[in-house]
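Chains F and E, in that order, are what the protein sequence lines are.
The first sequence begins at 251 in our numbering and counts up by one.
The second sequence begins at 251 in our numbering and counts up by one.
First the structure, in the form of structure tokens, and then the observations on it.
Number of protein chains: 2
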Amino acid sequence: MMKGREVILGILRNKPQTGYEINDVLKNQISYFYDGTYGMIYPTLKKLEQEGKVVKQTIIQADKPNKNVFSITAAGKKELQTYLNSDAVAEVFKSDFLMKLFFGDNLSRSQIINLMEKEIQLKTAQINHLQSSLQQWEQEGITDSQKITVGYGLAHYTAVVDYLNQQLAAFKQ
Amino acid sequence: MMKGREVILGILRNKPQTGYEINDVLKNQISYFYDGTYGMIYPTLKKLEQEGKVVKQTIIQADKPNKNVFSITAAGKKELQTYLNSDAVAEVFKSDFLMKLFFGDNLSRSQIINLMEKEIQLKTAQINHLQSSLQQWEQEGITDSQKITVGYGLAHYTAVVDYLNQQLAAFKQ
DNA sequence: ACGCTCATGTAACTCGTTACATGATTAA
DNA sequence: TTAATCATGTAACGAGTTACATGAGCGT
């Protein structure tokens, strides 16, 4: 399974960026299949720099905090490519919602309904997020493969929302 | 997000079981939304025992290795219930496949096709696994909520397999 | 002979999380 | 005056992974 370092190398593959900007990409562009935090980003960039996989350039700014822009090196590109060429391993999926449903023998009827309704809300919000992101990327440029990843996310989320709505209706009767 | 200890307490909630049997449940019944290994199971059982959340009973067997059967205690049930009553947090989803598709600008056409075909195979196998498990559980007894979790998994997998087949066909043209 | 099922565990390690720590500018 | 945006980092901790270690019985 991919690690933070590979994700960061992937994000830097075409364009030098700061840790702050990397966080933005994580949150807005690939949050569907990966999530990371600053506590991972900065230490990983430091390590990649020490290994010569990325190089840092400090930019002094007057009205904003200074920033460190990282670019991928040839060694970094090589590591990324090696990862990209390796076999994809099975996804990781952990669901608190399903866990609660599965083990919640003695949850009340209303608790189960509440659980399902909240899950539907969460997923609906994620669908909206993906859809609005897609519109933005289409303007900025997105590859066909990248479009497939977004479509994959939408297919997944809409399927489970439809399923849950249907089950919820049946459950309420 | 749920942790191994909560999953184990959930598995033991109705029936005392050994670490070996817990592993079986993880692999066959809830692998869709959780995965764990012996390296997590045994240390966690040990810790839960020290905390008085489970109790161990050793059973001497003649023709097989001895086994340690763990039962949940009142304290364990309380912890499980507290977890079950807490708000469900967003699922964790990490996909090596989507990562490779997203960052694979310079993968060849055939590599992309290969990636998608393997993903379809993997997911199809998981659909078959879920379906055959469902049949078995229906004989052994499964609650309505548990049936919903399996249906959720099937809805998810079939949606993405359909989507990928469709995209693959378009991509190949 | 070979591999599967049953059965339990530890030690080292890795990766990432959470919380902490700082601080200026700008828009509402 | 309050929150958001821009911007970077560390330290302690937690949870789980991987690899190792052992071994009998049963079916083909």
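We put the CB at the ideal spot given by N, CA and C, even for glycine.
In this text the structure is predicted, and so the values were computed from the model without any measurement.
Of the residues the options, the one placed nearest residue i, counting alpha carbons only
| i | options | result |
| --- | --- | --- |
| Met-327(E) | Gln-331(F), Gln-311(F), Gly-354(F) | Residue identity check: residue 327(E) is Lys in the sequence provided, not Met. Answer by Cα proximity: Gly-354(F). |
| Tyr-270(F) | Glu-256(F), Leu-384(F), Asn-364(F), Gly-286(F) | Gly-286(F) |
| Ile-363(E) | Phe-347(F), Ala-375(F), Asp-394(F) | Asp-394(F) |
| Tyr-284(F) | Ile-261(F), Val-305(F), Gln-300(F) | Ile-261(F) |
| Asn-426(F) | Asn-318(F), Asn-378(F), Ala-324(F), Ile-377(F) | Chain F is shown from 251 up to 423; residue 426(F) falls before or after that span and cannot be answered. |
| Thr-268(E) | Thr-294(E), Lys-253(E), Ile-280(E) | Thr-294(E) |
| Ala-405(E) | Gln-371(F), Asn-415(F), Lys-397(F) | Asn-415(F) |
| Leu-418(F) | Ile-398(E), Asn-378(E), Ile-392(E), Leu-380(E) | Ile-398(E) |
| Lys-296(F) | Ile-280(F), Ser-336(F), Gly-254(F) | Gly-254(F) |
| Ile-280(F) | Phe-421(F), Gln-381(F), Tyr-413(F), Ala-420(F) | Gln-381(F) |
| Thr-332(F) | Gln-300(F), Met-252(F), Ala-420(F) | Met-252(F) |
| Asp-359(F) | Tyr-292(F), Ile-291(F), Met-290(F), Phe-421(F) | Here residue 359(F) is Arg; the residue named in the question, Asp, does not match the sequence. Looking at the Cα atoms, Phe-421(F) is the closest of the given residues. |
| Tyr-413(E) | Ile-370(E), Ser-336(E), Ala-375(E) | Ile-370(E) |
Integer Cβ distance of residue i from residue j, believed to fall under 8 angstroms
| i | j | result |
| --- | --- | --- |
| Lys-430(F) | Leu-334(E) | It is not possible to answer for residue 430(F), since the shown part of chain F is limited to 251 through 423. |
| Val-411(F) | Lys-373(F) | 5 angstroms |
| Lys-303(F) | Leu-357(F) | With a Cβ gap of about 48 angstroms, Lys-303(F) and Leu-357(F) do not count as contacting. |
| Leu-330(F) | Glu-388(F) | Leu-330(F) to Glu-388(F), Cβ: 25 angstroms. No contact. |
| Val-342(F) | Val-342(E) | 7 angstroms |
| Phe-347(F) | Leu-365(F) | 6 angstroms |
| Tyr-288(F) | Asn-273(F) | 6 angstroms |
Per DSSP, the bridge partner or partners of residue i
| i | result |
| --- | --- |
| Thr-268(F) | Val-319(F) |
| Gln-307(E) | Val-319(E) |
| Val-342(E) | Lys-344(F) |
Beta-carbon proximity list for residue i, same chain, < 7 angstroms, skipping 5 on both sides
| i | result |
| --- | --- |
| Leu-384(E) | Val-400 |
| Thr-308(F) | Asn-316, Asn-318 |
| Ile-392(F) | none |
| Met-290(F) | Gly-254 |
| Tyr-292(E) | Gly-269 |
| Asp-337(F) | none |
Chain-order list of residues whose beta-carbon lies under 6 angstroms from that of residue i (same chain, five-residue window excluded)
| i | result |
| --- | --- |
| Tyr-250(F) | Residue 250(F) is absent from the structure shown; chain F starts at 251 and stops at 423. |
| Ser-321(F) | Pro-266, Val-305 |
| Leu-276(F) | Gly-286 |
| Ile-310(F) | Asn-316 |
Contact set for residue i: own chain, Cβ-Cβ below 8 angstroms, skip 5 residues either direction
| i | result |
| --- | --- |
| Thr-408(E) | Ile-377 |
| Ala-312(F) | none |
| Glu-301(F) | Ala-325 |
| Gln-361(E) | Gly-354 |
| Glu-390(F) | none |
| Glu-299(F) | Val-305, Lys-306, Phe-320 |
| Gln-396(E) | Trp-387 |
**OP:** Report the residue ranges of all alpha helix (DSSP H) runs contained in full by the stretch 374 to 422 of chain F; include only those spanning at least 4 residues, in chain order.
**Re:** Taking only runs of at least 4 residues, the alpha helix (DSSP H) segments lying wholly in the stretch 374 to 422 of chain F are 394 to 422.
**OP:** Counting only runs of 3+ residues fully inside the stretch 352 to 377 of chain E, write out the beta strand (DSSP E) ranges in chain order.
**Re:** none
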